[in-house]
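A short worksheet on the structure shown next.
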Amino acid sequence: MPFCNDTRYFTQEEDPAYELVLAPGAQAPYSGIYRCEGCGSSAISTREHPLPPQNHHVHGALQGHIRWRLIARTTHP
Ligand SMILES: [Zn+2]
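Heads up: the sequence shown is residues -3 to 73, going by our numbering.
Right under this line is the structure:
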C-alpha cells in the first residue's frame, strides 16, 4: 500500500480506468500510482508510457504474474 502524509490532498472519484487490470509493459492510461494485484506493491507510471515489466519485482508461486491496477492518478494527465 502506498503512503501519504495527508489524505486531504486526495479526491475520491469514479473512472473506468480504475477497474482495468493491466499487464506488465502495457500502456499506462494515466500518470499515477499503480498497485500490483498479486502482492500489493506499488509503482509510478507516466501516461502512455509502459507500466513496469514482469521482472519489476519477484512474486512467490501463489502470487501469480504481476498485474497492475491504477489506484491514484495525477490531476495533470
Ligand atoms: Zn507484485
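All residues carry an ideal CB built from backbone N, CA and C; glycine is no exception.
Everything numeric in this text was worked out from a predicted model, so none of it was measured.
Item checked: Selection from Pro73, Gly34, His72 and Arg4 that minimises the alpha carbon distance to valine 17 -> Within the sequence shown, numbered from 1, the residue matching residue 17 stands at position 21. For valine 17, the nearest C-alpha among the options comes from Gly34.
Margin query: Could you tell me the alpha carbon to alpha carbon distance between serine 38 and histidine 55, rounded to whole angstroms?
Written below: What you label residue 38 is simply residue 42 of the sequence shown in a count that begins at 1. What you label residue 55 is simply residue 59 of the sequence shown in a count that begins at 1. Their Cα atoms are separated by approximately 13 angstroms.
Next item on the list: Measure the C-alpha to C-alpha separation of glutamate 64 and histidine 72 and round it to an integer number of angstroms.
Entry: Position 68 of the sequence shown, counted from the start, is the residue given in the question as residue 64. Position 76 of the sequence shown, counted from the start, is the residue given in the question as residue 72. Checking the sequence shown, residue 64 turns out to be tryptophan, not glutamate. Computed Cα separation, rounded: 20 angstroms.
Next item on the list: With cysteine 32 as the anchor, note down where its beta strand (DSSP E) starts and where it stops.
Entry: If you number the sequence shown from 1, residue 32 lands on position 36. 28 to 32 is the span of the beta strand (DSSP E), which, as asked, contains cysteine 32.
Next item on the list: Spatial neighbours of phenylalanine -1 within its chain, please: CB distance less than 8 angstroms, with the 5 preceding and 5 following residues excluded, ordered by chain position.
Entry: Position 3 of the sequence shown, counting from 1, holds the residue named residue -1. Within the same chain, and ignoring the five residues on either side of phenylalanine -1 in sequence, no residue has its Cβ closer than 8 angstroms to its Cβ.
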